[in-house]
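If you're matching them up, the sequences are chains C and P in order.
Residues in the first sequence are numbered consecutively from 5, following my numbering.
Residues in the second sequence are numbered consecutively from 5, following my numbering.
2 protein chains.
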Amino acid sequence: MKTYIEANKERFFEELFSLLRIPSISSSPENRPDMVRCAERLVELLKEAGADEAAVYQTDGHPVVFGRKTVSPDAPTVLVYGHYDVQPVDPVELWHSAPFEPEIRDGAIYARGANDDKGQLFMHIKAFEFMVREAGLRHNVKFILEGEEEIGSPSLAKWAKEHKDMLAADIILVSDTTMISESVPSINCGMRGLSYVEVKVTGPDKDLHSGHYGGAVANPINVLCDMISSLIDKDGHITVKGFYDDVVELSAEDRAKLARAPFDLEEYKSFLNIKEVKGEKGYTTLERTGIRPCLDVNGIWGGFTGEGSKTVLPSEAHAKISMRLVPNQDSETITRLFCEHFRAIAPDYVKVEVKPCHGGDGFLIPISSEAYQAASKAMTEVYGIEPVPSRGGGSIPILADLQRILGIDPLLMGFGLERDTIHSPNESYLLKQLFAGMESIALFYRYY
Amino acid sequence: MKTYIEANKERFFEELFSLLRIPSISSSPENRPDMVRCAERLVELLKEAGADEAAVYQTDGHPVVFGRKTVSPDAPTVLVYGHYDVQPVDPVELWHSAPFEPEIRDGAIYARGANDDKGQLFMHIKAFEFMVREAGLRHNVKFILEGEEEIGSPSLAKWAKEHKDMLAADIILVSDTTMISESVPSINCGMRGLSYVEVKVTGPDKDLHSGHYGGAVANPINVLCDMISSLIDKDGHITVKGFYDDVVELSAEDRAKLARAPFDLEEYKSFLNIKEVKGEKGYTTLERTGIRPCLDVNGIWGGFTGEGSKTVLPSEAHAKISMRLVPNQDSETITRLFCEHFRAIAPDYVKVEVKPCHGGDGFLIPISSEAYQAASKAMTEVYGIEPVPSRGGGSIPILADLQRILGIDPLLMGFGLERDTIHSPNESYLLKQLFAGMESIALFYRYY
Numbered sequence: 005m006k007t008y009i010e011a012n013k014e015r016f017f018e019e020l021f022s023l024l025r026i027p028s029i030s031s032s033p034e035n036r037p038d039m040v041r042c043a044e045r046l047v048e049l050l051k052e053a054g055a056d057e058a059a060v061y062q063t064d065g066h067p068v069v070f071g072r073k074t075v076s077p078d079a080p081t082v083l084v085y086g087h088y089d090v091q092p093v094d095p096v097e098l099w100h101s102a103p104f105e106p107e108i109r110d111g112a113i114y115a116r117g118a119n120d121d122k123g124q125l126f127m128h129i130k131a132f133e134f135m136v137r138e139a140g141l142r143h144n145v146k147f148i149l150e151g152e153e154e155i156g157s158p159s160l161a162k163w164a165k166e167h168k169d170m171l172a173a174d175i176i177l178v179s180d181t182t183m184i185s186e187s188v189p190s191i192n193c194g195m196r197g198l199s200y201v202e203v204k205v206t207g208p209d210k211d212l213h214s215g216h217y218g219g220a221v222a223n224p225i226n227v228l229c230d231m232i233s234s235l236i237d238k239d240g241h242i243t244v245k246g247f248y249d250d251v252v253e254l255s256a257e258d259r260a261k262l263a264r265a266p267f268d269l270e271e272y273k274s275f276l277n278i279k280e281v282k283g284e285k286g287y288t289t290l291e292r293t294g295i296r297p298c299l300d301v302n303g304i305w306g307g308f309t310g311e312g313s314k315t316v317l318p319s320e321a322h323a324k325i326s327m328r329l330v331p332n333q334d335s336e337t338i339t340r341l342f343c344e345h346f347r348a349i350a351p352d353y354v355k356v357e358v359k360p361c362h363g364g365d366g367f368l369i370p371i372s373s374e375a376y377q378a379a380s381k382a383m384t385e386v387y388g389i390e391p392v393p394s395r396g397g398g399s400i401p402i403l404a405d406l407q408r409i410l411g412i413d414p415l416l417m418g419f420g421l422e423r424d425t426i427h428s429p430n431e432s433y434l435l436k437q438l439f440a441g442m443e444s445i446a447l448f449y450r451y452y
Numbered sequence: 005m006k007t008y009i010e011a012n013k014e015r016f017f018e019e020l021f022s023l024l025r026i027p028s029i030s031s032s033p034e035n036r037p038d039m040v041r042c043a044e045r046l047v048e049l050l051k052e053a054g055a056d057e058a059a060v061y062q063t064d065g066h067p068v069v070f071g072r073k074t075v076s077p078d079a080p081t082v083l084v085y086g087h088y089d090v091q092p093v094d095p096v097e098l099w100h101s102a103p104f105e106p107e108i109r110d111g112a113i114y115a116r117g118a119n120d121d122k123g124q125l126f127m128h129i130k131a132f133e134f135m136v137r138e139a140g141l142r143h144n145v146k147f148i149l150e151g152e153e154e155i156g157s158p159s160l161a162k163w164a165k166e167h168k169d170m171l172a173a174d175i176i177l178v179s180d181t182t183m184i185s186e187s188v189p190s191i192n193c194g195m196r197g198l199s200y201v202e203v204k205v206t207g208p209d210k211d212l213h214s215g216h217y218g219g220a221v222a223n224p225i226n227v228l229c230d231m232i233s234s235l236i237d238k239d240g241h242i243t244v245k246g247f248y249d250d251v252v253e254l255s256a257e258d259r260a261k262l263a264r265a266p267f268d269l270e271e272y273k274s275f276l277n278i279k280e281v282k283g284e285k286g287y288t289t290l291e292r293t294g295i296r297p298c299l300d301v302n303g304i305w306g307g308f309t310g311e312g313s314k315t316v317l318p319s320e321a322h323a324k325i326s327m328r329l330v331p332n333q334d335s336e337t338i339t340r341l342f343c344e345h346f347r348a349i350a351p352d353y354v355k356v357e358v359k360p361c362h363g364g365d366g367f368l369i370p371i372s373s374e375a376y377q378a379a380s381k382a383m384t385e386v387y388g389i390e391p392v393p394s395r396g397g398g399s400i401p402i403l404a405d406l407q408r409i410l411g412i413d414p415l416l417m418g419f420g421l422e423r424d425t426i427h428s429p430n431e432s433y434l435l436k437q438l439f440a441g442m443e444s445i446a447l448f449y450r451y452y
């Protein structure tokens, strides 16, 4: 594959850039036409790469791209999952180059989606192309590329149910996660689930002059801060009633295995430019992001936020709050528990609304599986070192759904790195990883 | 004055509307030219009303309008203070008519500044005009109309010091406050001071994916909520060290006097559409806004606040926080104490910045003074009921400064009502109050 990459590099860039230039922000209604454009471009790329068929499928939301090449009815089948939608780009002023005008700087591609997930799904298309054209593909390969991952995949589960037979496969292969570090390859064998809600606290039914009412009328921002503050206790435990009931506690042995992953706390802190980490008492940083649930405020707003100093006692305060879940927490149950809890702790002097946004369950995949072993062998060959089994902190809720609906395990060969700052300004993807990913995937087809 | 109002009503509306149409938002740099236009329009109105001289004076910030009519060097001198700047208009979508296109609906003028303070200062210009033209003015009258009240009057104190002789007077007359209710006239004999700060909490130096880092890295929004929550304890006391050191505790007798002001808690709650009030333990609602200090978050923002559900662990969180102060709290001291406290409670895992914005001291004026008695007599005649001495919760910090610099007491004859929702969408001013104010001011000139 190395030689093939060298010979086709410029074309690869052109093709990937043609995807990156499309602002396929799934959460933004005005980008709807871009979603369609991006899906159509993927169909072209799949066909050019060697798919027998590829088409855009309508769903209740953004379209799904499905493509496949059938080698033989008896051959093992690989179902590649990826998503072509991207996160919003704000704060756009912090980008050093325009988010949808990809450019290569210092050995990396800079653009929204460069890694998550256009860059990573592109590796699969090119590894597939190489297998078809140069290496004698032995597998049936199917692609399912969705446009709603960043908004919680509201339509894909239903669509997958309706197309269950078409999607039949032996393994779901996914590159949408990160490796532990540039020098420490890893394969993700578990992901956290997600429960995401939006809350609104209303005090008086109009904005008030803080001089006239301040001190006598509850300020919804102060109340929201009190309520949020009460959600996590001083030991870092989430106080939502029943929250930990279904959390699987790992054995000392399993924790010891995970602790084998190399991790340098000082390097971690220095990368983030923080003096101290913070998390649940009794757990290491890797455990806190891997095997423990957490609660974060993803956004907060209320009152006067412009320049100057308006003395308002606002009517409303808002926050977006999400919880990362671990096996066996059920996303719907946790969302319900949160809503109940948040309403229960609301004081008399405010009204509270809680709106569930999206969610999904976490999952685990066995290290002993054939697919994991093939991936491990492939990455060992490319990186010269055996990949570490890791637990990812992020969530790809749809994978747990697909696993349940199709009865197929997902295998997460992710090639992203922390430095890529996905979801943030200046998202990027190292060319080194792009190419190592292509090689690893091609080798996976050899060993699986 | 009643007859004069009746005869000139339409002209009055035209003149007042010409002021209201100018978007003189002092906190907004792009409205600078409007500030100048508004000042110039006031000069015209003062001259037309009978001022011997009126002019725009440059300051370090927005201009001051000064005008006067001298009757005799021996006559008592009234210095009228008002401000022509207004608050921002957001959220503009909640306005039922455009904020700078005044209109009369249901017996009230709707516009930003209809009450605060263009409407109220206009009453003074028209009462003055009436005295000059029809009632034989016996006082020297001076007007000082500033353009920076809503941003804390950063330039006026310095300008007043430089023009101390020109501003010499016996009383500062101000209409920039509210009456207790439509049927209960009141005269404000004390105002709270203000200390306003902006805070910023920084966690990691970039926005992070909450799935990868959530649970292991302090989220600055959660930390800001914790910090804000800790500023007020469960009894409603502010926890900033030294905050209450200089607060004057009122005697039981003084508290009894204030308690004479009619106040209906149920009506108050129903006006605000709240189930319960909230404030410092051991004090009534009127005491909480009149004689006790308080702390309010006026604005908060951080993370993703758009539509959808971005799973970001943001780098920064911000808030605007203000404290209302009572005699003898010193605004600068309190701002310093707050900054020290906020930095001191910042945990290791974040960086904190605190920026003082603006502030000013509170003040008290004696009920026994000649000016208070004249105002009381005037309002008794207009309203048919003796006005109640009240303590205002709001702040006009510059008045404490002018009192100190010029050695003159301010008298606050305010005609606003709670229903006017100043600083909020749909600010309005009842025509009834506009005219009753003019009459009261004209009678003040008779009895003073």
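For glycine and all other residues, C-beta sits at the position ideal for the given N, C-alpha and C.
| Sub-8 Å separation of Thr293 of chain P and His322 of chain C beta-carbons | As a first step, residue 293 of chain P must be located in the second sequence, where it is residue number 289. As a first step, residue 322 of chain C must be located in the first sequence, where it is residue number 318. No, the Cβ-Cβ distance between Thr293 of chain P and His322 of chain C is not below 8 Å.
| query | So, does the CB of Cys361 of chain C fall closer than 8 Å to a CB anywhere in chain P? | reply | Taking the first residue of the first sequence as 1, we reach residue 361 of chain C at position 357. Yes, contact with chain P.
| task | With a 10 Å radius around its C-beta and 16 neighbouring C-beta atoms as the bar for buried, classify Arg328 of chain P as buried or exposed. | result | Looking up residue 328 of chain P in the second sequence gives position 324. When all chains shown are included, Arg328 of chain P counts as buried.
| Listing by chain order, which chain C residues have their CB less than 7 Å from the CB of Phe308 of chain P? | For the purposes of this step, residue 308 of chain P is taken as the residue at position 304 of the second sequence. Under the 7 Å cutoff, chain C gives Asn302, Gly303, Lys324.
| task | Find out if the Cβ-Cβ distance for the pair Ile239 of chain C, Lys285 of chain C is shorter than 8 Å. | result | Residue 239 of chain C sits at position 235 when you count from the first residue of the first sequence. Residue 285 of chain C sits at position 281 when you count from the first residue of the first sequence. It is Asp, not Ile, that sits at residue 239 of chain C in the sequence shown. Their beta carbons are under 8 Å apart, which means Asp239 of chain C touches Lys285 of chain C by this criterion.
| Within-8 Å CB hit, Asp174 of chain C to chain P | The residue you call residue 174 of chain C lines up with position 170 of the first sequence. For Asp174 of chain C, the answer is no, since every Cβ of chain P falls outside 8 Å of its Cβ.
| query | Using the C-alpha atoms, what's the distance from Tyr449 of chain C back to Asp78 of chain C? | reply | Start at 1 with the first residue of the first sequence, and residue 78 of chain C comes out as number 74. Start at 1 with the first residue of the first sequence, and residue 449 of chain C comes out as number 445. Between the alpha carbons of Asp78 of chain C and Tyr449 of chain C lies a gap of roughly 16 Å.
| task | Identify every run of the alpha helix (DSSP H) within the segment 148–232 of chain P, keeping only runs that are complete inside it and at least 4 residues long; order them along the chain. | result | 160–166, 214–217
| query | Where does the unbroken alpha helix (DSSP H) through Phe267 of chain C begin, and where does it stop? | reply | Position 263 of the first sequence, counting from 1, holds the residue named residue 267 of chain C. No alpha helix (DSSP H) holds Phe267 of chain C; DSSP gives it neither H nor E.
| query | Count the other CB atoms within 10 Å of the CB of Thr182 of chain C; is the residue buried (16 or more) or exposed (fewer)? | reply | Taking the first residue of the first sequence as position 1, residue 182 of chain C is located at position 178. When all chains shown are included, Thr182 of chain C counts as buried.
| task | Could you check the C-alpha separation between Gln91 of chain C and Leu416 of chain P for me, to the nearest Å? | result | Position 87 of the first sequence, counted from the start, is the residue given in the question as residue 91 of chain C. Position 412 of the second sequence, counted from the start, is the residue given in the question as residue 416 of chain P. Using only the alpha carbons, I get a separation of about 54 Å.
| is_contact[Glu150 of chain P, chain C] using C-beta, thresh 8 Å | Residue mapping note: residue 150 of chain P aligns to position 146 of the second sequence, counting from 1. It does not; no Cβ of chain C falls within 8 Å.
| task | Name, going along the chain, the residues of the segment 274–291 of chain P whose beta-carbon falls closer than 7 Å to a beta-carbon of chain C. | result | Against chain C - using a Cβ distance shorter than 7 Å - the residues of the segment 274–291 of chain P are Leu276, Asn277, Ile278, Lys279, Glu280, Val281, Lys282, Gly283, Glu284, Thr289.
| field | Residue from C:Glu443, C:Pro429, C:Ile445, C:Tyr451 with nearest C-alpha to Gly104 of chain C | value | For the purposes of this step, residue 104 of chain C is taken as the residue at position 100 of the first sequence. Before going on, a small fix: residue 104 of chain C reads as Phe here, not Gly. Minimum Cα distance to Phe104 of chain C is reached at C:Pro429.
| field | Any chain P beta carbon closer than 8 Å to Arg328 of chain C | value | Translated into the one-based positions of the first sequence, residue 328 of chain C becomes position 324. It does; some Cβ of chain P falls within 8 Å.
| request: Tell whether a beta-carbon distance below 8 Å holds between Ile369 of chain P and Gly312 of chain C. | output: For the purposes of this step, residue 369 of chain P is taken as residue 365 along the second sequence, with counting starting at 1. For the purposes of this step, residue 312 of chain C is taken as residue 308 along the first sequence, with counting starting at 1. No, these two residues do not count as a Cβ contact at 8 Å.
| task | Using a cut-off of 8 Å between C-beta atoms, extract the partners of His345 of chain C located in chain P. | result | In the first sequence, residue 345 of chain C corresponds to position 341, counting from 1. Result: empty, since nearest Cβ-Cβ is about 16 Å, beyond 8 Å.
| query | Using a C-beta cutoff of 8 Å, does Gln407 of chain C count as contacting chain P? | reply | Here residue 407 of chain C corresponds to residue number 403 of the first sequence, with the count starting at 1. No, Gln407 of chain C does not count as interfacial toward chain P.
| message | Assuming Arg328 of chain P is part of the beta strand (DSSP E), what are its boundary residues? | response | Start at 1 with the first residue of the second sequence, and residue 328 of chain P comes out as number 324. From DSSP, the beta strand (DSSP E) with Arg328 of chain P extends over 320–329.
| task | Please list the partners that Ser313 of chain P has in chain C, where partner means a Cβ-to-Cβ separation under 8 Å. | result | As a working note, residue 313 of chain P is residue 309 in the second sequence. Within 8 Å Cβ-Cβ: Ser31, Ile155, Gly156, Tyr200, Glu202, Asn302, Lys324, Ser326, Cys361, His362.
| Between the Cα of Ile389 of chain P and the Cα atoms of P:Ser444, P:Glu374, P:His345, which residue gives the shortest distance? | Taking the first residue of the second sequence as position 1, residue 389 of chain P is located at position 385. Relative to Ile389 of chain P, the option among P:Ser444, P:Glu374, P:His345 whose CA is nearest is P:Ser444.
| field | Proximal residues, the segment 210–229 of chain P versus chain C, C-beta separation under 8 Å | value | Lys210, Asp211, Leu212, His213, Ser214, Gly215, His216, Tyr217, Gly218, Gly219, Ala220, Val221, Ala222, Asn223, Ile225, Asn226, Leu228, Cys229
| In its own chain, which residues sit with a C-beta less than 7 Å from the C-beta of Val251 of chain P, not counting the 5 before and 5 after it? | The residue labelled residue 251 of chain P in the question sits at position 247 within the second sequence. Once the five neighbours on either side are set aside, the close Cβ partners of Val251 of chain P are Pro297, Val330, Gln333.
| said: Can you look up Ser101 of chain P in the DSSP assignment and give me helix, strand or coil? | reply: Sequence index remark: in the second sequence, residue 101 of chain P carries index 97 (1-based). In this structure, Ser101 of chain P counts as coil in the three-state DSSP scheme.
| query | Can you pull the DSSP bridge partners for Tyr114 of chain C? | reply | Reading the first sequence from its first residue, position 110 is the one you call residue 114 of chain C. C:Glu107, C:Ser432.
| query | Are the segment 122–129 of chain C and the segment 12–23 of chain C in contact at 8 Å, needing three or more beta carbon pairs? | reply | yes
| Under 7 Å by beta carbon: chain P residues contacting Ser190 of chain C | By one-based count along the first sequence, residue 190 of chain C stands at place 186. Neighbours of Ser190 of chain C on chain P: none; closest Cβ ~13 Å, over 7 Å.
| request: Work out the CA separation of Val221 of chain P and Arg423 of chain C for me, nearest whole Å. | output: Along the first sequence, one-based indexing puts residue 423 of chain C at 419. Along the second sequence, one-based indexing puts residue 221 of chain P at 217. Rounded to the nearest angstrom, the two C-alpha atoms are 16 Å apart.
| query | Can we say the segment 262–273 of chain C touches the segment 264–273 of chain P, given the rule of at least three CB pairs closer than 8 Å? | reply | no
| request: With distances taken Cα to Cα, identify the nearest neighbour of Lys314 of chain C among P:Gln377, P:Pro224, P:Ser31. | output: By one-based count along the first sequence, residue 314 of chain C stands at place 310. Looking at the Cα atoms, P:Ser31 is the closest of the given residues.
| Distance between Asp300 of chain P and Thr63 of chain C (C-alpha atoms, nearest Å) | Here residue 63 of chain C refers to the residue found at position 59 when the first sequence is read from its first residue. Here residue 300 of chain P refers to the residue found at position 296 when the second sequence is read from its first residue. Those two C-alpha atoms are separated by around 47 Å.
| field | Sequence-distant residues of its chain with Cβ nearer than 8 Å to Ser185 of chain C (five each side left out) | value | Looking up residue 185 of chain C in the first sequence gives position 181. The residues are Pro266, Leu421, Glu422.
| query | Taking C-alpha atoms, which residue in C:Phe16, C:Ile29, C:Leu149, C:Val205 lies nearest to Val358 of chain C? | reply | As a working mapping, residue 358 of chain C is identified with position 354 in the first sequence. For Val358 of chain C, the nearest C-alpha among the options comes from C:Val205.
| said: Helix, strand or coil for Leu235 of chain P? Go by DSSP, reduced to three states. | reply: The sequence position of residue 235 of chain P within the second sequence is 231, counting from 1. Looking at Leu235 of chain P - three-state DSSP - the assignment turns out to be coil, as it is neither helix nor strand.
| Where Ser187 of chain P falls, given that 16 or more other Cβ within 10 Å makes a residue buried | For this step, residue 187 of chain P is matched to residue 183 along the second sequence. Classification of Ser187 of chain P: exposed, given that the 10 Å Cβ count is below 16.
| query | Pick from C:Lys73, C:Tyr353, C:His66: whose alpha carbon is nearest that of Lys51 of chain C? | reply | Here residue 51 of chain C refers to the residue found at position 47 of the first sequence. Closest by alpha carbon: C:Lys73.
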